[in-house]
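Start counting at 1 in the sequence shown, then tack on 1147, and there's your number in the numbering used here. Where is the CB? At the ideal position from N, CA and C, for every residue including glycine.
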Amino acid sequence: MKGIGLCAIFSRQGDWAFDYALTLARHHKTKLNIFHFLESPYALRRDVVFVDADKKETAAVSPELIAKKDKEMRELFDDRLGDYVDVGFRLCEGNDEWELRKCFRKGDYEVLVVGYKGKGAAFGGTTTIEAFASKFKGPVVLIGPDTPDSFYLNEPARERLSDLLIPDGKWKPLAQ
């Protein structure tokens, strides 16, 4: 396996997804690529983004803001990564779906792990997490929504089940 992709979301499901992605990366001795998307109050424009967790304060995207957010993201994950150093961070300003597909096609990762907040959860501002994962050409593993050992897999992930370290009976096919 060439790499594991993690779409970082800051929630308990996101924490579970991180733990699973790190375990998978360690097992396969491969790079863990952590993607985080700056959220915008606008569906199409990405030149203004939220800067606080409550999504009340916005700011124009600038090199200084990107540097600040990148540093915050690295510091947030640093302790949790422990001694694992084969990690890449990517702070993305663009559309979630497009960026993740582009990085998959480039070979940055082979499996994408995402915290699953719940059925119908918004993803990328234009679709649901189920629709995104179902259409994605590569393996997608959704973790949650209620327990850290609940896995939802798209079709390509089911084809690579032996690589995913998921115990029998702990996964379900992703339904739209």
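Asked, Found
"Could you please give the first and the last residue of the uninterrupted beta strand (DSSP E) stretch that includes PRO1320?", "1318-1320"
"Is it true that the segment 1208-1224 meets the segment 1247-1264, where meeting means three or more beta-carbon pairs spaced less than 8 Å apart?", "no"
"Can you tell me where the alpha helix (DSSP H) with LEU1171 in it begins and where it stops?", "1159-1175"
"My output table needs one value for ARG1237: the three-state DSSP class, helix, strand or coil.", "strand"
"Between ASP1230, PHE1283, PHE1184, which lies nearest to LYS1176 when the distance is taken from Cα to Cα?", "ASP1230"
"Whose C-alpha, out of ARG1237, LYS1202, LYS1203, is nearest the C-alpha of ALA1214?", "ARG1237"
"First and last residue of the beta strand (DSSP E) that includes ILE1290?", "1287-1290"
"Considering just the uninterrupted stretch of the alpha helix (DSSP H) at LEU1223, what are its terminal residues?", "1210-1228"
"Are the Cβ atoms of PHE1298 and VAL1288 separated by less than 7 Å?", "yes"
"Locate the beta strand (DSSP E) running through ILE1140, then write down its first and last residues.", "Past the boundaries of the shown model lies residue 1140; the chain is included only from 1148 to 1323, so the question cannot be answered."
"Sorted by chain position, which residues of the same chain lie with C-beta nearer than 7 Å to ALA1207's C-beta, five sequence neighbours on each side aside?", "ASP1194, VAL1195"
"If you drop the 5 nearest sequence neighbours on each side, which residues of the same chain put their C-beta closer than 6 Å to that of HIS1183?", "ALA1155, MET1220, LEU1238"
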